[in-house]
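Asker:
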Amino acid sequence: MRPFHTDKNKFDKNKDANGDTMSDVTDATTAKNAPTPDDALRISDSKASGPVLAADGTPLKKSLKRALRAQKLRALALIAPLLIFILITFIAPIGDMLFRSVENQIVSSTLQNTVVELEDWDPAGADIPGEPTFEALYWDLFLAAEAKEHTKLGTRLNYEETGVSSLFRGVGRGIDDFGEDQVEALEDFDPVWEDEMFWYTLMSGGDGAEQNSRHLSAARERLTTLTTDDFIGSAGFVPGAEISELLPRTISEYSTFALFTVFADEDVVAEEEPWEAVKVSLIQELTSGVDLAGYSGPGAAELRAAQDMLADQPAIDFKQAFLDDDEDWADSGLWETIKLYSPPFTTGYFLKAVDLQKTVGGVEAVPDGEKIYGTLFKRTLFMSMVIMGSCILLGYPIAWILANLPVRTANLLLILVLLPFWTSLLVRTSAWKVMLQQQGVINDILVWLGMIADDSRLVMINNQFGTIVAMTHILLPFMILPMYSVMQTIPQTYLRAAKSLGATNWTAFWRVYFPQSIPGIGAGSILVFILSIGYYITPEIVGGTTGTFISNRIAYHISSSLNWGLAAALGSILLAAVLILYWAYDKIVGIDNVKLG
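Numbered per the numbering used here, the sequence shown spans residues 5 to 601.
#1: Buried or exposed for residue 408, please, with buried defined as at least 16 other CB atoms from any protein chain shown within 10 angstroms of its CB.
#2: Can the beta-carbon of residue 233 be found less than 9 Å from the beta-carbon of residue 281?
#3: In whole angstroms, what is the alpha-carbon distance linking residue 30 and residue 71?
#4: Closest to residue 293 by CA distance: which of 314, 386, 464 and 91 is it?
#5: Looking at residue 142 and residue 182, is the spacing between their C-beta atoms short of 9 Å?
#6: Looking at the structure shown, is residue 453 part of a helix, part of a strand, or coil, going by DSSP?
#7: Taking 9 Å as the threshold (C-beta atoms), are residue 430 and residue 562 in contact?
#8: Does any residue of chain B have a CB that is nearer than 9 Å to the CB of residue 261?
#9: Hey, how far is the Cα of residue 33 from the Cα of residue 81?
#10: Residue 386: which of 446, 550, 157 and 174 sits nearest, CA to CA?
#11: Is the beta carbon of residue 262 less than 9 Å from the beta carbon of residue 223?
#12: Leaving out five residues on either side along the sequence, give the residues of the same chain with a beta carbon under 6 Å from the beta carbon of residue 202.
#13: For the region 467-482 against the region 410-429, do three or more pairs of beta-carbon atoms, one drawn from each stretch, fall closer than 8 Å, so that the two count as touching?
#14: Of the choices 405, 471 and 73, whose alpha-carbon is the least far from that of residue 489?
#15: Since residue 194 and residue 310 are thought to touch, with beta carbons under 8 Å apart, how far apart are those beta carbons, to the nearest angstrom?
#16: Please name the residue in 560, 260, 156 and 389 whose C-alpha comes closest to that of residue 114.
#17: Since residue 210 and residue 302 should fall inside the 8 Å C-beta cutoff, what is the C-beta to C-beta distance between them, to a whole number of angstroms?
#18: Can you find the residues in the same chain that come closer than 6 Å, C-beta to C-beta, to residue 117, ignoring five residues on each side of it along the sequence?
#19: For residue 470, report the span of its alpha helix (DSSP H) as first-last.
#20: Between the region 349-367 and the region 507-519, do at least 3 Cβ pairs fall closer than 8 Å?
#21: Considering just the uninterrupted stretch of the beta strand (DSSP E) at residue 311, what are its terminal residues?
#22: I believe residue 179 touches residue 146 by the beta-carbon criterion, under 8 Å. Please report the beta-carbon distance rounded to the nearest angstrom.
#23: Can you tell me whether DSSP reads residue 123 as helix, strand or coil?
#24: For residue 353, count neighbouring C-beta atoms within 10 Å of its own C-beta (all shown protein chains included) and say buried if the count is 16 or more, exposed if not.
#25: So the candidates are 240, 91 and 205; which of them puts its Cα closest to the Cα of residue 247?
#26: Any contact between the region 497-505 and the region 462-480? By contact I mean 3 or more CB pairs, one from each, below 8 Å.
#27: With distances taken from CA atoms, which of 243, 65 and 226 is nearest residue 214?
#28: Taking the alpha carbon of residue 459 as the reference point, which residue from 467, 465 and 448 has its own alpha carbon closest?
#29: The beta strand (DSSP E) with residue 366 in it runs from where to where?
#30: If you count every other CB in all the chains shown that lies within 10 Å of the CB of residue 333, and 16 or more means buried, which is it?
#31: Can you tell which of 199, 384 and 287 has its C-alpha closest to the C-alpha of residue 544?
#32: For residue 63, name the three-state secondary structure that DSSP assigns.
#33: Using only CA atoms, which one of 461, 345 and 491 lies nearest to residue 399?
#34: In the DSSP assignment, what residue or residues form a beta bridge with residue 186?
#35: My parser needs the alpha helix (DSSP H) runs of 4 or more residues fully inside the region 491-579; what are they?
#36: Who does residue 150 pair with in a DSSP beta bridge?
See below:
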């Protein structure tokens, strides 16, 4: 018998780096000893002090984070086109609508000096604003008329007080004549005041003169605020420092003229005669007693001579000039409107959308004869509910029949349900107009059957009845399809089981079948109600004066009156009403119970 002994080298080979014995089971693919679970535990314990590494040598935790991040980026890249599309076509328009419903910057941007003067004016007083306010109005409206912005302001204020639009258009045509006598006297006294180059040299201070760009920057900001255009770049003109200190108002008006001439008219400043407002501002400063004794720059002699001549001329009365142009400028209500709507943001649109108005004394109700929006909102909600109920009553039996017919027959009849989608909405609505009118098909049949007299034909068009009938027909498929898809999933064995237990046909339907079809009714109701509450074409064609919706008024303000602020406010209130009803539906029924199949 051979003596038993151990191979020490063999055992040494089965030890790991730490001296722990490993399994002698070999891996068939690598011809190396394969580690057992105990070996793995020992190895992990021996390496517990360091991070677990991935196959590429990086920490496993970091590698997992990088992989998850890449996975999320790939998913985001897949849905990015849809998100961008929704953002551009849905979220952005809603945000713009909400902004327009409170935005009111046109008054403060057009009448920049006037709104400042009106801050100290008390609307409760009996008098209209004084001369300083009318002078500020002159500078603002002269520039607005040159930039063709005064008509936009008139249109905006006309929404609040009728007649303001024509008032601003008229003053825009005649404001060039304000101070005409004094300007003509100045030009007749010395023709140099009609010379373009003389004005340019006077305002710039001449070659080598010290410059002051403060007024030019202010004029640039004034024009940008008024027109929202950029007036960035060289105007070929910088005011002289000395003349800027001496005649600040004239320099301000000439700087505005220079920028507008270069960037809007694309002309050369030195080749264009200044606006009348520039000459009026010079006359105002010369007659105010400006000290010219220390001035020796370009045009010094002409300025002193003009000042002496103007001393004998009457001062320009801006207030009287406006009143001579149109006596409506003496209406305190006009100035109250300008003051009330001078802030850049306003609640006026929302107040008018609920038949209220802003006044000096606070918020008040509009006169009874002007209350229309509350009635339209109530009518829209009521008729949308009626249309939804009509679609449920007509659509439920049809959906039930489709769900219980053989598949081939049901698919054939389903084509008839979908057929209206292949016909123009305008054509379907016009067809109902032909059908429902007093000389239409329905009335002719009723007269032929003797059910009504020929002189007592029914009025079924241009009223609420016509709108309900036409819209029920148009929206009926949106009710049938969700109910049909849900009813298809209800097993018929439930009804047979209920009847086998003694239930009548009605009890089996009401207690077993109907509760399971409620999710389809809920889905169809939401679709029909939301679609009908914002419908426009059908009520416009067949609704007349009593069957129109609030959406028709919104369309009117967008396309006809151009009162986009009020249209945005009405749309925002309609959106809020839909969201509130949706929230109430979710609380009562539960949106999770709504199914489309």
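Yeah, the Cβ is synthetic: ideal placement off N, Cα and C, and Gly gets one too. Just so we're clear, the structure is a prediction, and the values are computed from it rather than from any experiment.
Answerer: With the given structure in hand:
#1: Under this definition residue 408 is an exposed residue.
#2: For residue 233 and residue 281, no; Cβs fall outside 9 Å.
#3: Model confidence at residue 30 stands at a pLDDT of 49, short of 50, so the residue's coordinates are unreliable and nothing is read from them.
#4: Nearest in C-alpha terms to residue 293, of all of 314, 386, 464 and 91, is 314.
#5: Cβ distance < 9 Å, so residue 182 and residue 142 count as in contact.
#6: If DSSP states are grouped into helix, strand and coil, residue 453 belongs with coil.
#7: Going by C-beta atoms, residue 562 is not nearer than 9 Å to residue 430.
#8: In the structure shown, chain B does not exist; there is a single protein chain.
#9: Any answer about residue 33 is weak, because its pLDDT of 46 lies below 50 and its placement is not dependable; what the coordinates show is given next. Cα atoms of residue 33 and residue 81: separation of roughly 42 Å, rounded to the nearest angstrom.
#10: Of the candidates 446, 550, 157 and 174, the one whose C-alpha sits nearest the C-alpha of residue 386 is 550.
#11: Yes, they are a contact pair.
#12: Within the same chain, residue 202 has close Cβ partners 196.
#13: Between the region 467-482 and the region 410-429, the count of C-beta pairs closer than 8 Å reaches three or more; the two stretches touch.
#14: If we check each option's Cα against that of residue 489, 405 comes out closest.
#15: Yes, residue 194 and residue 310 are in contact; Cβ-Cβ is about 7 Å, under 8 Å.
#16: When only C-alpha atoms are compared, the closest one is 156.
#17: 4 Å between Cβ atoms; contact.
#18: Residues 140, 143 and 144 of the same chain have their beta carbon placed closer than 6 Å to that of residue 117, with the five preceding and five following residues left out of the count.
#19: Residues 468-491.
#20: Touching, no, given that fewer than three Cβ pairs across the two stretches are closer than 8 Å.
#21: Premise fails: residue 311 lies in the alpha helix (DSSP H), 304-314, not in any beta strand (DSSP E).
#22: So it is a contact: roughly 5 Å between Cβ atoms.
#23: Coil, per DSSP.
#24: With 16 or more Cβ atoms within 10 Å of its Cβ, residue 353 is classed as buried.
#25: The residue among 240, 91 and 205 with its C-alpha nearest the C-alpha of residue 247 is 205.
#26: By the C-beta criterion, the region 497-505 is judged not to be in contact with the region 462-480, since fewer than 3 inter-stretch pairs fall below 8 Å.
#27: The residue with the shortest Cα to Cα distance from residue 214 is 243.
#28: Measuring from the Cα of residue 459, the nearest candidate turns out to be 448.
#29: Counting along the chain, residue 366 sits inside the beta strand (DSSP E) bounded by residues 366-369.
#30: Taking a 10 Å sphere around the C-beta of residue 333, we find 16 or more other C-beta atoms and assign the residue as buried.
#31: Of the candidates 199, 384 and 287, the one whose C-alpha sits nearest the C-alpha of residue 544 is 384.
#32: Correct three-state label for residue 63: strand.
#33: Measuring from the Cα of residue 399, the nearest candidate turns out to be 491.
#34: Beta-bridge partners of residue 186 (DSSP): none assigned.
#35: For the region 491-579, whole alpha helix (DSSP H) runs of length 4 or above, ordered along the chain, are 497-504, 509-512, 518-537, 541-546 and 554-563.
#36: In the DSSP output, where bridge partners are listed per residue, residue 150 has none listed.
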